[in-house]
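Each remark here refers to the structure printed beneath this line.
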Amino acid sequence: MLSQFASFLGDEETAIGLDERPPRPSVVPPDLEGAVARDAIEAITEAARDTRIVILNEAHNVSAHRAFAARVMRALRPLGYDWFAAETFTQPQPVPLVRIGAYTKGAPFLASYGYYTHDPVFAEMVREAARLDYRFSDYEQRFDQRTPEGADSAAQIAAREEAQADNLIANILSTHPEARVFIYVGYSHAMEVEGRGGLWFAARLKAKAGIDPLTIEQSRNWPALAPENDAPHVAAVLARFAPEAPIVVSKDGESIATPNYAGKMDLSVFHPRMTPVAGRPGWLAADPERRRVMIKVPPLDEQVLIQALSMAETTAGPPSDHYLLPPGAPEATFFLHPGRYFFRQETVAGIQPAFGALRVD
0 MLSQFASFLG
10 DEETAIGLDE
20 RPPRPSVVPP
30 DLEGAVARDA
40 IEAITEAARD
50 TRIVILNEAH
60 NVSAHRAFAA
70 RVMRALRPLG
80 YDWFAAETFT
90 QPQPVPLVRI
100 GAYTKGAPFL
110 ASYGYYTHDP
120 VFAEMVREAA
130 RLDYRFSDYE
140 QRFDQRTPEG
150 ADSAAQIAAR
160 EEAQADNLIA
170 NILSTHPEAR
180 VFIYVGYSHA
190 MEVEGRGGLW
200 FAARLKAKAG
210 IDPLTIEQSR
220 NWPALAPEND
230 APHVAAVLAR
240 FAPEAPIVVS
250 KDGESIATPN
260 YAGKMDLSVF
270 HPRMTPVAGR
280 PGWLAADPER
290 RRVMIKVPPL
300 DEQVLIQALS
310 MAETTAGPPS
320 DHYLLPPGAP
330 EATFFLHPGR
340 YFFRQETVAG
350 IQPAFGALRV
360 D
(Lines of atoms letter the chains of each structure in order from A; the text may use other names.)
(Lines give C-alpha, C1' and ligand atoms only; values in the text may rest on other atoms or scores of the structure.)
Protein backbone atom coordinates (compact mmCIF):
# COMPACT_ATOMS: atom_id res chain seq x y z
CA MET A 0 0.00 0.00 0.00
CA LEU A 1 2.84 2.43 0.76
CA SER A 2 4.10 2.14 -2.80
CA GLN A 3 0.63 3.00 -4.11
CA PHE A 4 0.36 6.04 -1.86
CA ALA A 5 3.83 7.13 -2.98
CA SER A 6 2.66 7.05 -6.59
CA PHE A 7 -0.15 9.43 -5.63
CA LEU A 8 2.54 11.91 -4.48
CA GLY A 9 4.75 11.62 -7.53
CA ASP A 10 7.39 9.91 -5.39
CA GLU A 11 8.64 7.42 -7.97
CA GLU A 12 11.70 6.46 -5.95
CA THR A 13 9.49 5.04 -3.22
CA ALA A 14 6.62 3.86 -5.42
CA ILE A 15 8.86 1.73 -7.63
CA GLY A 16 12.00 1.28 -5.58
CA LEU A 17 10.46 0.27 -2.26
CA ASP A 18 10.03 -3.39 -3.14
CA GLU A 19 12.84 -3.81 -5.65
CA ARG A 20 14.97 -6.89 -5.15
CA PRO A 21 17.52 -8.66 -7.36
CA PRO A 22 15.86 -11.48 -9.32
CA ARG A 23 16.32 -15.07 -8.26
CA PRO A 24 19.24 -16.70 -10.09
CA SER A 25 16.99 -19.61 -11.05
CA VAL A 26 14.77 -17.42 -13.26
CA VAL A 27 15.78 -17.95 -16.88
CA PRO A 28 15.45 -15.01 -19.32
CA PRO A 29 13.68 -15.58 -22.65
CA ASP A 30 15.62 -16.55 -25.75
CA LEU A 31 15.34 -13.51 -28.02
CA GLU A 32 17.31 -14.92 -30.95
CA GLY A 33 15.20 -14.07 -33.97
CA ALA A 34 12.79 -11.90 -31.95
CA VAL A 35 11.51 -8.64 -33.43
CA ALA A 36 10.33 -5.43 -31.77
CA ARG A 37 7.67 -3.00 -32.87
CA ASP A 38 6.43 0.36 -31.61
CA ALA A 39 3.76 -0.45 -29.04
CA ILE A 40 1.25 2.24 -30.01
CA GLU A 41 1.45 1.25 -33.68
CA ALA A 42 0.92 -2.42 -32.83
CA ILE A 43 -2.00 -1.66 -30.52
CA THR A 44 -3.83 0.62 -32.94
CA GLU A 45 -3.44 -1.87 -35.78
CA ALA A 46 -4.81 -4.74 -33.68
CA ALA A 47 -7.57 -2.58 -32.18
CA ARG A 48 -9.17 -2.07 -35.60
CA ASP A 49 -10.33 -5.69 -35.57
CA THR A 50 -12.20 -5.65 -32.27
CA ARG A 51 -14.50 -3.45 -30.20
CA ILE A 52 -12.85 -3.92 -26.82
CA VAL A 53 -9.29 -3.09 -25.79
CA ILE A 54 -8.17 -4.08 -22.28
CA LEU A 55 -4.89 -2.73 -20.87
CA ASN A 56 -3.49 -3.51 -17.44
CA GLU A 57 -1.27 -1.65 -14.98
CA ALA A 58 0.69 -2.08 -11.80
CA HIS A 59 -1.06 0.05 -9.21
CA ASN A 60 2.18 1.68 -8.03
CA VAL A 61 3.51 2.77 -11.44
CA SER A 62 2.22 6.16 -12.57
CA ALA A 63 4.06 5.73 -15.86
CA HIS A 64 1.64 2.96 -16.79
CA ARG A 65 -1.13 5.57 -16.59
CA ALA A 66 0.84 7.90 -18.83
CA PHE A 67 1.11 5.11 -21.39
CA ALA A 68 -2.60 4.32 -20.98
CA ALA A 69 -3.32 7.95 -21.86
CA ARG A 70 -1.37 7.50 -25.09
CA VAL A 71 -3.38 4.35 -25.89
CA MET A 72 -6.65 6.11 -25.09
CA ARG A 73 -5.60 8.99 -27.36
CA ALA A 74 -4.69 6.64 -30.23
CA LEU A 75 -7.95 4.67 -30.00
CA ARG A 76 -10.28 7.65 -30.33
CA PRO A 77 -9.81 8.11 -34.12
CA LEU A 78 -10.70 4.42 -34.52
CA GLY A 79 -14.15 5.07 -33.07
CA TYR A 80 -13.49 4.02 -29.48
CA ASP A 81 -15.91 6.15 -27.50
CA TRP A 82 -16.22 4.56 -24.04
CA PHE A 83 -13.64 4.48 -21.26
CA ALA A 84 -14.18 2.09 -18.35
CA ALA A 85 -11.75 1.53 -15.49
CA GLU A 86 -11.57 -0.88 -12.60
CA THR A 87 -10.87 1.99 -10.22
CA PHE A 88 -14.01 4.01 -10.97
CA THR A 89 -16.25 4.07 -7.90
CA GLN A 90 -19.05 1.52 -8.01
CA PRO A 91 -22.65 2.39 -7.05
CA GLN A 92 -23.16 2.83 -3.32
CA PRO A 93 -25.93 4.20 -1.08
CA VAL A 94 -24.48 7.63 -0.21
CA PRO A 95 -22.93 9.69 -1.51
CA LEU A 96 -23.83 8.54 -5.00
CA VAL A 97 -20.98 9.84 -7.15
CA ARG A 98 -20.43 8.00 -10.42
CA ILE A 99 -17.99 8.58 -13.23
CA GLY A 100 -20.81 8.36 -15.76
CA ALA A 101 -21.83 11.88 -14.77
CA TYR A 102 -18.45 13.33 -15.68
CA THR A 103 -18.27 15.34 -18.89
CA LYS A 104 -15.94 17.74 -20.65
CA GLY A 105 -15.51 21.00 -18.76
CA ALA A 106 -16.84 19.71 -15.44
CA PRO A 107 -14.61 19.47 -12.35
CA PHE A 108 -13.03 16.05 -11.95
CA LEU A 109 -13.88 14.83 -8.45
CA ALA A 110 -11.45 12.79 -6.36
CA SER A 111 -14.37 10.56 -5.35
CA TYR A 112 -14.81 9.31 -8.92
CA GLY A 113 -12.21 6.65 -8.15
CA TYR A 114 -9.35 5.48 -5.97
CA TYR A 115 -6.26 5.37 -8.18
CA THR A 116 -7.52 8.57 -9.78
CA HIS A 117 -5.99 10.33 -6.76
CA ASP A 118 -2.79 10.02 -8.79
CA PRO A 119 -2.68 13.20 -10.90
CA VAL A 120 -1.39 11.19 -13.87
CA PHE A 121 -4.54 9.04 -13.78
CA ALA A 122 -6.79 12.04 -13.20
CA GLU A 123 -5.24 13.87 -16.15
CA MET A 124 -5.83 10.84 -18.38
CA VAL A 125 -9.55 10.92 -17.56
CA ARG A 126 -9.74 14.70 -18.02
CA GLU A 127 -8.13 14.32 -21.45
CA ALA A 128 -10.51 11.50 -22.34
CA ALA A 129 -13.43 13.82 -21.54
CA ARG A 130 -11.96 16.49 -23.80
CA LEU A 131 -11.85 13.85 -26.54
CA ASP A 132 -15.56 13.14 -25.93
CA TYR A 133 -15.21 9.70 -24.39
CA ARG A 134 -18.09 8.53 -22.25
CA PHE A 135 -17.31 6.83 -18.95
CA SER A 136 -18.52 3.84 -16.97
CA ASP A 137 -17.68 2.03 -13.78
CA TYR A 138 -18.04 -1.74 -13.64
CA GLU A 139 -16.50 -2.77 -10.34
CA GLN A 140 -18.24 -5.37 -8.18
CA ARG A 141 -21.03 -3.84 -6.10
CA PHE A 142 -21.39 -4.50 -2.40
CA ASP A 143 -24.46 -6.68 -3.03
CA GLN A 144 -22.43 -8.86 -5.43
CA ARG A 145 -19.82 -9.90 -2.90
CA THR A 146 -19.42 -13.42 -1.56
CA PRO A 147 -20.73 -14.32 1.90
CA GLU A 148 -18.37 -13.72 4.78
CA GLY A 149 -15.90 -16.58 5.15
CA ALA A 150 -15.68 -17.45 1.45
CA ASP A 151 -12.22 -18.56 0.35
CA SER A 152 -10.01 -16.50 -1.95
CA ALA A 153 -10.89 -18.52 -5.06
CA ALA A 154 -14.59 -17.89 -4.51
CA GLN A 155 -13.95 -14.20 -3.87
CA ILE A 156 -11.94 -13.85 -7.08
CA ALA A 157 -14.58 -15.69 -9.11
CA ALA A 158 -17.42 -13.58 -7.70
CA ARG A 159 -15.60 -10.32 -8.36
CA GLU A 160 -14.58 -11.20 -11.92
CA GLU A 161 -18.07 -12.45 -12.76
CA ALA A 162 -19.63 -9.28 -11.35
CA GLN A 163 -17.24 -7.05 -13.25
CA ALA A 164 -18.06 -8.75 -16.56
CA ASP A 165 -21.81 -8.61 -15.87
CA ASN A 166 -21.63 -4.94 -14.90
CA LEU A 167 -19.59 -3.91 -17.95
CA ILE A 168 -22.12 -5.58 -20.21
CA ALA A 169 -25.09 -4.05 -18.37
CA ASN A 170 -23.58 -0.56 -18.21
CA ILE A 171 -22.31 -0.31 -21.79
CA LEU A 172 -22.70 -3.21 -24.22
CA SER A 173 -26.35 -4.08 -23.62
CA THR A 174 -27.55 -0.51 -24.17
CA HIS A 175 -24.90 0.60 -26.69
CA PRO A 176 -24.38 -2.45 -28.92
CA GLU A 177 -22.08 -0.55 -31.31
CA ALA A 178 -19.86 0.88 -28.58
CA ARG A 179 -16.10 0.51 -28.80
CA VAL A 180 -14.62 0.35 -25.33
CA PHE A 181 -11.22 1.01 -23.78
CA ILE A 182 -10.97 -0.77 -20.42
CA TYR A 183 -8.19 -0.10 -17.93
CA VAL A 184 -7.55 -2.75 -15.29
CA GLY A 185 -4.99 -3.97 -12.80
CA TYR A 186 -2.69 -6.95 -13.23
CA SER A 187 -4.39 -10.32 -13.94
CA HIS A 188 -7.84 -8.89 -14.71
CA ALA A 189 -6.68 -8.57 -18.34
CA MET A 190 -6.05 -12.33 -18.80
CA GLU A 191 -8.39 -13.63 -21.46
CA VAL A 192 -7.70 -17.30 -20.83
CA GLU A 193 -7.63 -19.18 -17.56
CA GLY A 194 -4.50 -18.75 -15.50
CA ARG A 195 -3.30 -18.49 -11.95
CA GLY A 196 -6.35 -17.56 -9.87
CA GLY A 197 -8.84 -19.00 -12.35
CA LEU A 198 -10.93 -17.13 -14.90
CA TRP A 199 -10.44 -13.38 -14.67
CA PHE A 200 -12.47 -10.44 -15.92
CA ALA A 201 -11.27 -10.40 -19.53
CA ALA A 202 -11.91 -14.12 -20.00
CA ARG A 203 -15.41 -13.88 -18.53
CA LEU A 204 -16.25 -10.78 -20.57
CA LYS A 205 -15.04 -12.50 -23.74
CA ALA A 206 -17.29 -15.50 -23.08
CA LYS A 207 -20.36 -13.50 -22.05
CA ALA A 208 -20.20 -10.77 -24.70
CA GLY A 209 -19.01 -12.96 -27.56
CA ILE A 210 -16.34 -10.39 -28.40
CA ASP A 211 -12.66 -11.28 -28.58
CA PRO A 212 -10.93 -8.33 -26.88
CA LEU A 213 -7.44 -7.06 -27.55
CA THR A 214 -5.70 -7.72 -24.24
CA ILE A 215 -2.45 -5.96 -23.35
CA GLU A 216 -0.15 -6.33 -20.37
CA GLN A 217 2.49 -3.94 -19.09
CA SER A 218 2.21 -4.47 -15.33
CA ARG A 219 5.31 -6.65 -14.90
CA ASN A 220 7.50 -5.05 -17.55
CA TRP A 221 8.61 -1.75 -16.02
CA PRO A 222 12.38 -1.24 -15.63
CA ALA A 223 13.63 -1.23 -12.05
CA LEU A 224 15.23 1.95 -10.73
CA ALA A 225 18.43 -0.04 -10.26
CA PRO A 226 19.21 -1.98 -13.47
CA GLU A 227 20.55 -4.93 -11.49
CA ASN A 228 17.03 -5.40 -10.12
CA ASP A 229 15.37 -5.74 -13.52
CA ALA A 230 13.27 -8.87 -13.97
CA PRO A 231 15.14 -11.24 -16.32
CA HIS A 232 12.64 -10.86 -19.16
CA VAL A 233 12.81 -7.06 -18.87
CA ALA A 234 16.62 -7.05 -18.75
CA ALA A 235 16.76 -9.29 -21.82
CA VAL A 236 14.44 -7.09 -23.87
CA LEU A 237 16.21 -3.86 -22.89
CA ALA A 238 19.62 -5.35 -23.66
CA ARG A 239 18.52 -6.77 -27.01
CA PHE A 240 16.55 -3.80 -28.36
CA ALA A 241 17.62 -0.72 -26.31
CA PRO A 242 14.21 0.89 -26.94
CA GLU A 243 13.64 4.64 -26.76
CA ALA A 244 9.86 4.27 -26.69
CA PRO A 245 7.46 1.51 -25.55
CA ILE A 246 7.68 -1.63 -27.68
CA VAL A 247 6.08 -5.02 -28.09
CA VAL A 248 8.28 -8.02 -28.84
CA SER A 249 7.43 -11.23 -30.65
CA LYS A 250 9.20 -14.36 -31.77
CA ASP A 251 7.80 -16.82 -34.28
CA GLY A 252 4.47 -15.03 -34.04
CA GLU A 253 4.23 -15.36 -30.25
CA SER A 254 4.34 -12.40 -27.89
CA ILE A 255 7.27 -12.20 -25.48
CA ALA A 256 5.72 -11.59 -22.06
CA THR A 257 6.28 -11.80 -18.36
CA PRO A 258 6.31 -15.54 -17.50
CA ASN A 259 3.06 -15.53 -15.51
CA TYR A 260 1.18 -13.95 -18.41
CA ALA A 261 2.77 -15.77 -21.35
CA GLY A 262 -0.01 -16.87 -23.68
CA LYS A 263 -2.66 -15.24 -21.50
CA MET A 264 -2.85 -11.84 -23.28
CA ASP A 265 -2.37 -10.70 -26.86
CA LEU A 266 0.39 -8.12 -26.46
CA SER A 267 3.04 -7.34 -23.87
CA VAL A 268 4.44 -3.80 -23.66
CA PHE A 269 8.01 -3.13 -22.56
CA HIS A 270 9.05 0.36 -21.51
CA PRO A 271 12.46 1.98 -21.95
CA ARG A 272 14.59 3.13 -19.07
CA MET A 273 14.45 6.92 -19.36
CA THR A 274 16.70 9.65 -18.00
CA PRO A 275 15.01 12.19 -15.68
CA VAL A 276 14.36 15.68 -17.04
CA ALA A 277 14.82 18.57 -14.62
CA GLY A 278 14.38 16.15 -11.74
CA ARG A 279 11.13 14.78 -13.12
CA PRO A 280 10.49 11.36 -14.73
CA GLY A 281 11.58 11.07 -18.34
CA TRP A 282 8.32 9.34 -19.30
CA LEU A 283 6.37 12.39 -18.13
CA ALA A 284 8.55 14.73 -20.17
CA ALA A 285 8.12 12.46 -23.21
CA ASP A 286 4.34 12.97 -23.42
CA PRO A 287 3.82 15.13 -26.53
CA GLU A 288 0.61 16.59 -25.12
CA ARG A 289 2.33 18.08 -22.05
CA ARG A 290 4.37 21.27 -21.88
CA ARG A 291 7.40 21.81 -19.66
CA VAL A 292 6.87 24.71 -17.26
CA MET A 293 9.34 26.08 -14.70
CA ILE A 294 8.13 28.40 -11.93
CA LYS A 295 9.76 30.22 -9.04
CA VAL A 296 8.48 29.07 -5.65
CA PRO A 297 8.61 30.59 -2.17
CA PRO A 298 11.47 28.50 -0.70
CA LEU A 299 10.67 26.67 2.53
CA ASP A 300 13.09 24.95 4.89
CA GLU A 301 11.26 21.62 4.66
CA GLN A 302 10.19 19.14 2.04
CA VAL A 303 6.94 20.22 0.37
CA LEU A 304 4.41 18.79 -2.04
CA ILE A 305 4.34 21.36 -4.83
CA GLN A 306 1.12 21.35 -6.84
CA ALA A 307 -0.23 22.78 -10.08
CA LEU A 308 -4.03 23.05 -10.15
CA SER A 309 -6.41 23.97 -12.94
CA MET A 310 -8.10 27.34 -12.51
CA ALA A 311 -11.19 25.84 -14.14
CA GLU A 312 -11.50 23.26 -11.35
CA THR A 313 -9.85 25.13 -8.44
CA THR A 314 -9.53 22.57 -5.62
CA ALA A 315 -12.38 20.21 -6.59
CA GLY A 316 -10.16 17.32 -7.59
CA PRO A 317 -6.60 16.02 -7.81
CA PRO A 318 -3.92 18.46 -9.03
CA SER A 319 -2.90 18.37 -12.66
CA ASP A 320 0.68 17.68 -11.60
CA HIS A 321 2.52 17.54 -8.30
CA TYR A 322 5.65 16.13 -6.73
CA LEU A 323 7.86 16.31 -3.66
CA LEU A 324 10.21 19.29 -3.67
CA PRO A 325 13.33 19.24 -1.46
CA PRO A 326 13.85 21.84 1.31
CA GLY A 327 14.90 25.27 0.09
CA ALA A 328 14.26 24.60 -3.61
CA PRO A 329 13.72 27.97 -5.34
CA GLU A 330 11.95 26.62 -8.42
CA ALA A 331 9.78 23.75 -9.61
CA THR A 332 9.27 22.05 -12.96
CA PHE A 333 5.86 20.83 -14.09
CA PHE A 334 4.65 19.03 -17.20
CA LEU A 335 1.17 20.34 -17.97
CA HIS A 336 -1.51 20.19 -20.62
CA PRO A 337 -2.55 23.51 -22.15
CA GLY A 338 -4.72 25.53 -19.78
CA ARG A 339 -4.64 28.04 -16.92
CA TYR A 340 -3.09 27.04 -13.60
CA PHE A 341 -2.29 28.26 -10.12
CA PHE A 342 0.16 26.79 -7.66
CA ARG A 343 0.42 25.88 -4.00
CA GLN A 344 2.63 24.04 -1.53
CA GLU A 345 1.54 21.47 1.02
CA THR A 346 3.65 20.87 4.14
CA VAL A 347 3.23 18.77 7.27
CA ALA A 348 1.40 21.78 8.73
CA GLY A 349 -1.11 21.81 5.89
CA ILE A 350 -1.76 23.60 2.62
CA GLN A 351 -0.01 26.95 2.25
CA PRO A 352 -1.61 29.98 0.53
CA ALA A 353 -1.84 29.67 -3.24
CA PHE A 354 0.57 31.68 -5.34
CA GLY A 355 1.12 32.52 -8.98
CA ALA A 356 -0.96 32.05 -12.09
CA LEU A 357 0.11 30.84 -15.49
CA ARG A 358 -1.37 30.11 -18.87
CA VAL A 359 0.11 27.12 -20.70
CA ASP A 360 -0.33 27.10 -24.48
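For the sequence shown, counting from 1, position 46 maps to 45 in numbering that gives the first Met the number 0; every step adds exactly one. Ideal Cβ positions, reconstructed from N, Cα and C, are used throughout, including at glycine.
{"Item": "I'd like the list of long-range same chain contacts for Asp382, defined as Cβ closer than 7 Å, with 5 residues on each side in sequence excluded.", "Value": "Absent from the structure is residue 382, since the part of the chain shown begins at 0 and ends at 360."}
{"Item": "What are the residues that DSSP puts in a beta bridge with Glu330?", "Value": "Lys295"}
{"Item": "Within 10 Å of its beta-carbon, does Ser152 have 16 or more other beta-carbons around it, so buried, or fewer, so exposed?", "Value": "exposed"}
{"Item": "Can you tell me which of the three DSSP states Trp282 falls into?", "Value": "helix"}
{"Item": "For Asn56, name the three-state secondary structure that DSSP assigns.", "Value": "strand"}
{"Item": "Check for me: the beta strand (DSSP E) holding Thr214 runs from which residue to which?", "Value": "Leu213 to Glu216"}
{"Item": "Return helix, strand or coil for Gln306, following the three-state DSSP convention.", "Value": "strand"}
{"Item": "Along the alpha helix (DSSP H) that carries Asp132, what are the first and last residues, could you check?", "Value": "Run containing Asp132: none; DSSP gives neither H nor E here."}
{"Item": "Which residue's Cα is closest to the Cα of Phe67: Ala261, Asn220, Asp300 and Val359?", "Value": "Asn220"}
{"Item": "Buried or exposed: Val268, going by 16 or more other Cβ atoms within 10 Å of its Cβ?", "Value": "buried"}
{"Item": "Determine whether the beta carbon atoms of Arg289 and Ala36 lie at a separation below 9 Å.", "Value": "no"}
{"Item": "Which residues does DSSP list as the beta-bridge partners of Gly197?", "Value": "Gly194"}
{"Item": "Does the distance from the C-beta atom of Gly105 to that of Glu160 stay below 9 Å?", "Value": "no"}
{"Item": "Evaluate the contact criterion for the segment 327–335 versus the segment 270–290: three or more CB pairs, one atom per stretch, below 8 Å.", "Value": "yes"}
{"Item": "To the nearest angstrom, how far is the alpha carbon of Leu357 from that of Gly79?", "Value": "34 Å"}
{"Item": "Compare the beta carbon distance of Ser187 and Tyr260 with 9 Å and say whether it is the shorter of the two.", "Value": "yes"}
{"Item": "By the DSSP assignment, the alpha helix (DSSP H) with Glu161 in it spans what residues?", "Value": "Ser152 to Leu167"}
{"Item": "Quick check for students: name the residue ranges of the alpha helix (DSSP H) that lie wholly in the segment 37–109, counting only runs of 4 or more.", "Value": "39–47 and 62–75"}
{"Item": "Using the rule of at least 16 other Cβ atoms within 10 Å of the residue's Cβ for burial, across every protein chain shown, is Gln306 buried or exposed?", "Value": "buried"}
{"Item": "Does the CB of Ala235 have a neighbour CB from chain D at under 9 Å?", "Value": "Any reference to chain D falls outside this structure, which holds one protein chain only."}
{"Item": "Going by beta carbon distance, what residues of the same chain come within less than 8 Å of Glu301, once the five residues before and after it are set aside?", "Value": "Pro326, Thr346 and Val347"}
{"Item": "So, Ala230 versus Thr257, is the Cβ gap smaller than 9 Å?", "Value": "yes"}
{"Item": "Within the same chain, show all residues whose beta-carbon is closer than 7 Å to that of Thr146, passing over the 5 residues directly before and after it, in chain order.", "Value": "Ala154, Gln155 and Ala158"}
{"Item": "By DSSP, does Gln351 sit in helix, in strand, or in coil?", "Value": "coil"}
{"Item": "Tell me which same chain residues have a C-beta within less than 6 Å of the C-beta of Leu172, skipping the five on either side of it?", "Value": "Ala208"}
{"Item": "Please tell me whether Tyr138 and Val125 are closer than 9 Å, where the distance is taken between their beta carbons.", "Value": "no"}
{"Item": "Since Phe269 is in the beta strand (DSSP E), which residue starts that stretch and which ends it?", "Value": "Leu266 to Phe269"}
{"Item": "As a quick exercise: from Glu330, Asn56 and Thr44, pick the residue whose alpha carbon is nearest that of Met190.", "Value": "Asn56"}
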